Structure formats: C-alpha cells, structure tokens
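Per my numbering, the sequence shown starts with residue 128, numbered consecutively.
Every residue gets a Cβ at the ideal spot worked out from N, C-alpha and C, and that includes glycine.
This one's a predicted model, so the numbers in the text were calculated from it and none came from an experiment.
To start, the structure under review is shown below, and the notes come after it.
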Amino acid sequence: NNIMFVKGTLTMPDISGKFLLTDGSAEGYLIDKIETDYSYQANNLVISDCDIVALSTEAKLNGRMDAEKNLDFKVDIRDIDLSALPINDDTVDLDGYANAHGTLTGTLSKPFFHGDVSSKSIMINGEELTDIQCKLDSDGGIKNHLLGSFKQAPKGVLSAELDYNHEQKLLQGNIVAIYGNVRSILKMAKADYNVDGLAQGEIAINPHGSGSGIFVDVWVDDISINDLKYEEMKFKGHLQDKVWYFDDVKLMETKDVTDKGIVAVGGKVDLANGKLELEAGAVDANPALVTAFMSDPVEVTGDLNMFVQLHGTLKDPEGNGSVEVKNGSVASIGFDDFTAMLSLANDNLKIEQAMLNKDIYKASAYGDVPLDLFRSKEQRRDPNAQMNVQLNLDNARLGILQVISPMVEWGVGETQGQVKLAGTLEEPLVYGAVKIPDGSLKFKHVQTVIENIHTDIEFEGNKVALKDISAKLGKGSFKGSGTYALRSNEREAYQLDLVADNAEIASDIFTGRINGNLTVTPQRFIVRPEAGSAPPPGKGPRFSYRPLLKGEVRFDDVLVNMPTIPEFGEGESNIGLDVQITLGPKIHLYNKYLYDLWLAGGLHIQGSTLYTNISGTISADRGSISYLRTQFKVRSASAAWPIPGSVLPTVNLEATAKFQRYDIGMRISGPLEEMDLQLNSSPPLTKDQIVRMLTLQREATGSEGVDSDDLQNLMTAGLEMAVFGDVEQIFKEALGLDEFRVYSGKLRSGIEMDTRRNREFTPDERNQYNVLFSKYLTDNFMVGYTTSMDNEHHSVFGQYEISKHLNINYSLNENNENWYGLEYRLTF
128 NNIMFVKGTL
138 TMPDISGKFL
148 LTDGSAEGYL
158 IDKIETDYSY
168 QANNLVISDC
178 DIVALSTEAK
188 LNGRMDAEKN
198 LDFKVDIRDI
208 DLSALPINDD
218 TVDLDGYANA
228 HGTLTGTLSK
238 PFFHGDVSSK
248 SIMINGEELT
258 DIQCKLDSDG
268 GIKNHLLGSF
278 KQAPKGVLSA
288 ELDYNHEQKL
298 LQGNIVAIYG
308 NVRSILKMAK
318 ADYNVDGLAQ
328 GEIAINPHGS
338 GSGIFVDVWV
348 DDISINDLKY
358 EEMKFKGHLQ
368 DKVWYFDDVK
378 LMETKDVTDK
388 GIVAVGGKVD
398 LANGKLELEA
408 GAVDANPALV
418 TAFMSDPVEV
428 TGDLNMFVQL
438 HGTLKDPEGN
448 GSVEVKNGSV
458 ASIGFDDFTA
468 MLSLANDNLK
478 IEQAMLNKDI
488 YKASAYGDVP
498 LDLFRSKEQR
508 RDPNAQMNVQ
518 LNLDNARLGI
528 LQVISPMVEW
538 GVGETQGQVK
548 LAGTLEEPLV
558 YGAVKIPDGS
568 LKFKHVQTVI
578 ENIHTDIEFE
588 GNKVALKDIS
598 AKLGKGSFKG
608 SGTYALRSNE
618 REAYQLDLVA
628 DNAEIASDIF
638 TGRINGNLTV
648 TPQRFIVRPE
658 AGSAPPPGKG
668 PRFSYRPLLK
678 GEVRFDDVLV
688 NMPTIPEFGE
698 GESNIGLDVQ
708 ITLGPKIHLY
718 NKYLYDLWLA
728 GGLHIQGSTL
738 YTNISGTISA
748 DRGSISYLRT
758 QFKVRSASAA
768 WPIPGSVLPT
778 VNLEATAKFQ
788 RYDIGMRISG
798 PLEEMDLQLN
808 SSPPLTKDQI
818 VRMLTLQREA
828 TGSEGVDSDD
838 LQNLMTAGLE
848 MAVFGDVEQI
858 FKEALGLDEF
868 RVYSGKLRSG
878 IEMDTRRNRE
888 FTPDERNQYN
898 VLFSKYLTDN
908 FMVGYTTSMD
918 NEHHSVFGQY
928 EISKHLNINY
938 SLNENNENWY
948 GLEYRLTF
C-alpha cells in the first residue's frame, strides 16, 4: 500500500506519503512489515518513523539522503534472531538475540555503519557467552572493524579486535583470553572432549598480512584430560597454508618443573595434503595419559618415559616408538618395569617386543594389532582383520600374583604355557594353555598357606575351560572346574563347580573348617521396573540372566573375631542365591572387648543379593557380652530373618550381670539397626541410673543428678578406657577376673559399706588413684583386692550373698585391721 501526496511544480515536485509493505521479502530475507512516512523535496529524501519487522527483529530508521546521495540515518535494531541469519556453515550453530544501534552514513553506493552491538546471552554450538559488548565500523566491503568483549562461565573474559576485508576475504586481528573455559571453547569448535582448564593467552590472525597464518600462544592452568590432572599446559603453534606447526607444546604435571612429569609434542600436520611429521616424548610422566581418551580408561600408574615418531599420511601413518614405565601398575597390578618397542607401518601396529618385570618374575609378548581394530566395523578397510599377539608365561611363576593383587603376601611355583590373542577387540579369541603343576600361595592377614596348587586352564578360542583347579588348605582341600564363554547365549555362558573337603582356614577374623559344594550357573529372572515406573503398555515382563550361587556349606570348629558389626548397604551386584548353611559344633564368636558366644543353628539363603530371603535361626545359649565395660552372662540369644528381602536379622537376647550389690538384667530385641535395649536391676534403679553406674563404675546413690564425685569418676573412667583398656583385658583373661577397674578417692574395699562414702573427697583423696581386682569364686561368694598406686594403702575383702536381701562382708587393710559387716537390703 502506498499513499502519495504530490504538490509543487513538474520541474520541482514536492512528494510525501505513507508506505506499507506486508508479508514480503528483501534480498532473500522474509519481511513481516515495512511501514514508514517519507518526503522528497529538492532532491532530498527524508525517512521518518520507519518500522521494519522481520520475525522477532524490529528495526527503527530515521534520517535523510541529500541530493548528492549522502546518507545520514539513525538505526536502532532490537532482538536480532541469530539462529535465522543465513550462515552457510555446518560447523556453526548460533542461537540467541542481539541488539544494535548507531548511524548509517556515507553514500548510497558506499554506505558506512558505525555503532554498538550488544547481547545479554548468545549460544555458539550450545555454549553460552554473556555480556557481549561490541563496536562495529563497517562499509560492507573493504572495511569491517569489530572491537568487543564477552564473558564466559565460570570467570572467563575474552576480547577481540578484528578487521575483515570482504573483497580480499582477509581476516586480521587478535583474540585475547583471560581464564577462558577450555571445555566450552572446544565445544564451540564442535570438539566435545572431557578436557577442562582455564586458558590465558592470545591468538593472532594474519599479523603480517594475507597468508601469514594464525599464531596461537596460550597457557592453560589446572588442565584435566578425562580427570587426569596437570597443573599447566603450554601451547605455542601456528597455522600457515593449511599446515599446523607445533612450535612448543608441553603438558606439565607440576608448574615450572620442566625436567620431569612432562609430555612434549613437536612437528607439523599438513591438513591440505594429509601428511604429518610428529615427535612426542615424555619424561617421568603419568602413564595414564595413554588411556586418557578411552571411554572407560583402566587405572594406570608409574613413571612413563616415551619417545614416538610418526610420519607419512594421516590415512596411512608410519613410525616407531619406545615406551618404558617404572614402578607402575595397571588396574592395581603392580610391576617394577615395563618396556615395549613398537612400530607402525602398512596400517599395522607391530609389538616388536614387550617385557613385564616384577622382582625375578617376567612375562613377555610380541605380535601384530591391525589399526582396523580401532575403527568401527563400517570403516574398516579389511573386514577380516584380526590381531595376533603371543604371550609367554613360562618365566612368570606363581609369585607374579604378588603383582596382580596386593592381598597376596608371597607365592612359589612354576607357571607353564603360552597364550595367543586373536580376533578383534569386540570379539576376542584366545588360544593356548596355562598350567601350574605345583605351587604355594600365602595371602596377607591369613595364616593358612594354600599348598599343592594345581591349575590346568585351556583357551579354545571363544571358550575358557577350567580343567582343574585344586589346592590343599590345612588338612583339607578344595577343587574346582568349569567353563566360561567369552561370547555366548547367556544361559550357556559359564558353569563353575567348587568343592571344599575339610578345608581349614586360619585368619585374624575367621578360623575354622569348611565342607561343602557350590555351583555358579546363569539364572533367568524377571527384571523389576525401577521405582515409580511401569512396564510399557502391551508388553509383558522383561527377562534377563544373572549368576546363581547354589549349594551347601557346613562350618565346624569355627572362631570368629569381628571387632565391629559390618555395615550393610545397598549394593549394585545382582547374584541369585540358593545356599544352605549349617553350623556344626564349636562355633565360637569371640571378641575380648565385645562378646564371647557359642552359636548353633543354620540358614537357608534364597532370592538374590538385591532381594534376599533367609529362613532359619542362629542361637546362643551360653556366653557373655560386654556393655559399658561390664560382663553380662547370656541366658538366651537368637537371630532370625522374618522380614522378606532384608539381610538384617531381628535379635532377641536376655542377659544378667552382677555389679556390687545389684543384679542387673538386660533385654535386647528388634532389627539389628533399630534394636531396643532395656535394663532393669534388683534393687530397682531407673535405666539412666544403671547406665550412669556402669559408665562411672561406681555404685548408684539414687540421685538423678551428677555431683562432683561423679565428675571425678567420669575422668577416671576415661583414663581407664584410654590408658588401661588393653591392660584390663590382659588381667581379666590371665587371672580369670570378673572385675578390674581404676578409681580415684579414698581406698575402698569394693563393698561400699563405708558410711562416709557420700562425703566430699579431700584434696589428697582426689589425687589418689587406686586399682581394684575381684572374682566370684561361686555365684554367691566374691573375693577381691584393692591398692593405691603408691602402694601405701591396700585391702583384701570378701562378700558372701546369703540371699538377695542379706550379705556378709569382710575386709582386712594394710594395718591388719579387720572389718566385718552385715548388710540387709530393703526394697521400697
């Protein structure tokens, strides 16, 4: 639509009007609306309140063009949709909105824009830049000058000053980064690697004119590659005529240390012709760099020294290298030295020689690994490519198990055999055999030596056959056999049979004899849906396979010393269970600080490690437990598993103890992690009074409060537990004592009949420490001895309990003074 008003003369018309365009396009851009007022007088064009709307973008234009076609306009553009810009580059994905305002000058044939471009946030390939502030001077041709800055999380600041000559296709300038986020920068370049760090430095683009290249001089602090940490990286290089030159590239584990813990790269890569000439070296570096870019890298430690040369083409590189790792480990398998000589040619990595040494033990390897095996199946040049690597274990000996596991203390015995690795990385094949004709093995913290070890393992491509695994354990033995398929239907993947015949084990925690048989086979089970989810509509339950552990085990002559109750947390393993456990005679659960119990019973464990069903009961009809340094004799105790799916037992226990004139009863009931403890006494006391009495090892006074005497006894109890704890146990065990304690104050007979016992201590008595020993010769008759630590005071005493209400007491002190007492207790 156009409404035009024409006035004046034909030679000098005066034209004005209103112009409206909708749903159109201009220069390939869709236009929602252009609306403006205009006037044309004396060859001067005036544009007023021009409003241009295209998608989300709105532009305001006001100004004039004179008779000589000189421009003088003000431009204000809001919400420029960067995702809608016609950028013909698949590597750049822009998103976000920007604003621009400034002036449009020059002439109609050579317009010139001068102004500001800003945005709160823009996205480049999914990575955010914020607080963009730029100044732009552009004629749309030869002169295009950009000066600006932006921020990058977490604390990066980048600035750029760039000039672009559209006619010459020449870009020049500098980009400076301060704490730039390396991972984000790589993602902007569509290189998504697990690399982090903060970069500082400068990128110079064509500093010496057209074709002079791109020069990069950057330092990266706190860099990590797949969680492998380096304090610093230096990257100095340049790109010229499509050739990357690595002038000075170093990874440093420790800042400013250049003689160790360093990896350096030098050389060049010709991107245009696909050629390379590279050298890489490492000096006492972390060997985990070799596996850093693997999706699930194996743990590697040690000191890596390496030198590698590569040349040829990117498609068919050639080269050679040497690798040495000292005092290292792979997946916790330690070794003294590993060396390898490698060569690369004809798309094949050749292991010229590899040697692993640990003490006097050695294992060697050689062979070929085609590079095709590192490519996807679709990209392989030879679909039939297979590796061919020979492993020689004749000089390894059984002592090499010290290398494999830190739990092995020593091993002796010859190993025999060679193993060939074939197939691909996805579908490996193994051929050969490994035998141990006779050997011995000792695990740490286990006193029993595993003797007469025999193994006969054959590798038959996809199948591993355990012909024989047997050994002597004490006076008994164990043996096993089975098969395992590297790749197979899960219902036929493996079968393992184990038999223990009076196998004897002695260790710090468990000592005893084991008889039984166990099998491990695949078990089909229903996969439970995750909490809050349901199976897809129209589909039944989903099935899978897990290992099933099935069999019977009997324990005899067992001593278990477990210092604490083990923690039972939710694990991720899913193993089927069908195991019958029988406890034979003499099952002793003993810890000198906690318990002394004799167990009987049996269990049937079914279900799985994720949802366990346990039937049966473990009981104890004799023994003792320790609570607050007081021995309680067990009358009855049992553990059962009534809750389906739980491995935590429900405990029921009744026990009694004597403390001076009190008979104390204890009852424990409930699940293991939520047990209810009840205490009672005769004469009756509250639970708090009983706990305080046992904690302070002092007869209760009936008061609920804590007096100065209690505080003194509390300090004494702490001293006894911290300093005399082990001594107490030694005396109790060696002399068969019922009571051993250290206390402060006036020397006591242990009978507590001193009528002055409730008075305050004198200063001398507060500083006096005493030791008391006592033992019940019968259930009713107790004798004891107490002495001061300076041996100035001592006393022999005895107590006979005629009934629960009547006691006869006697003591004799260091002055041969006798004391007789008759105690009668009343209960109110």
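What separation, rounded to the nearest whole angstrom, lies between the Cα atoms of residue i and residue j?
i, j, result
"Tyr372", "Lys363", "9 angstroms"
"Ile636", "Gly609", "30 angstroms"
"Thr914", "Lys931", "28 angstroms"
"Arg507", "Leu500", "8 angstroms"
"Gly408", "Asn447", "12 angstroms"
"Thr466", "Met514", "20 angstroms"
"Asp159", "Gly151", "6 angstroms"
"His293", "His272", "11 angstroms"
"Lys442", "Leu274", "41 angstroms"
"Asn934", "Leu904", "15 angstroms"
"Gly253", "Asp348", "24 angstroms"
"Val516", "Ser470", "14 angstroms"
"Lys356", "Ala153", "54 angstroms"
"Phe462", "Ala549", "25 angstroms"
Taking only three categories from DSSP, how would you classify residue i?
i, result
"Arg788", "coil"
"Ala620", "coil"
"Arg655", "coil"
"Met916", "coil"
"Ala211", "helix"
"Ala169", "coil"
"Pro414", "helix"
"Lys571", "coil"
"Glu108", "Past the boundaries of the shown model lies residue 108; the chain is included only from 128 to 955, so the question cannot be answered."
"Thr882", "Confidence at Thr882 is low in this model, with a pLDDT of 39, below 50, so its placement is unreliable and the value that follows should be read with caution. Residue state, collapsed to three classes: coil."
"Asp865", "coil"
"Lys931", "coil"
"Glu195", "coil"
"Asp499", "helix"
"Leu799", "helix"
"Glu554", "coil"
"Glu525", "The sequence given here places Leu at residue 525; Glu does not occur at that position. The answer is helix: DSSP assigns Leu525 an H, G or I state."
"Gln295", "coil"
"Lys602", "coil"
"Glu950", "strand"
"Glu941", "coil"
Identify the continuous alpha helix (DSSP H) that holds residue i and give its terminal residues.
i, result
"Ser751", "Not the alpha helix (DSSP H): Ser751 falls in the beta strand (DSSP E), residues Thr739 to Tyr754."
"Val81", "With the chain represented from 128 up to 955, any question about residue 81 goes unanswered, as that position is not in the structure."
"Ile817", "Lys814 to Leu823"
In the DSSP assignment, find the beta strand (DSSP E) that holds residue i and state where it starts and stops.
i, result
"Asp150", "Pro140 to Ala153"
"Met192", "Thr184 to Met192"
"Ile341", "Ile341 to Ile352"
"Leu313", "No beta strand (DSSP E) holds Leu313; the alpha helix (DSSP H) holding it covers Val309 to Met315."
"Val450", "Pro444 to Val457"
"Leu112", "This structure does not reach residue 112, given that the chain is present from 128 up to 955, and the question cannot be answered."
"Gly550", "Gln543 to Gly550"
"Met433", "Val427 to Thr440"
"Leu985", "This structure gives no information on residue 985, because the portion of the chain shown stretches from 128 to 955."
"Pro674", "Phe670 to Val687"
"Arg109", "Nothing can be reported for residue 109, as the shown portion of the chain is limited to 128 through 955."
"Leu231", "Leu221 to Gly233"
What does a CB cutoff of less than 6 angstroms around residue i pick up in its chain, not counting 5 residues either side in sequence?
i, result
"Ser808", "Tyr789, Ile791 and Ile817"
"Ile732", "Leu704, Val706 and Ile741"
"Lys571", "Met534 and Glu536"
"Pro798", "Leu775 and Thr777"
Give me, in chain order, the residues of the same chain whose beta-carbon lies closer than 7 angstroms to that of residue i; leave out the 5 immediate sequence neighbours on both sides.
i, result
"Met131", "Ile142 and Gly144"
Any beta carbon of chain D sitting closer than 7 angstroms to that of residue i?
i, result
"Asn171", "This model lacks chain D altogether, as it is built from one protein chain only."
Whose C-beta lies closer than 8 angstroms to the C-beta of residue i among residues of the same chain, with five residues either side of it excluded?
i, result
"Leu804", "Met793, Arg794 and Ile795"
Assess, as a yes-or-no matter, whether the stretch 331-338 is touched by the stretch 306-317 under the definition of 3 or more beta carbon pairs within less than 8 angstroms. Counting Cβ pairs under 8 angstroms, fewer than three are found: no touch.
Just checking, does the stretch 619-638 make contact with the stretch 671-689 on the three C-beta pairs under 8 angstroms criterion? Counting C-beta pairs with one atom in each stretch, the stretch 619-638 and the stretch 671-689 have three or more that are closer than 8 angstroms, which means they touch.
How do the stretch 232-242 and the stretch 175-184 stand: do at least 3 beta-carbon pairs fall below 8 angstroms, yes or no? The stretch 232-242, when compared against the stretch 175-184, does not touch it at the 8 angstroms Cβ threshold.
Three or more C-beta pairs closer than 8 angstroms, one from the stretch 626-635 and one from the stretch 561-577: is that the case here? Three or more Cβ pairs drawn from the stretch 626-635 and the stretch 561-577 lie within less than 8 angstroms of each other, which places the two stretches in contact.
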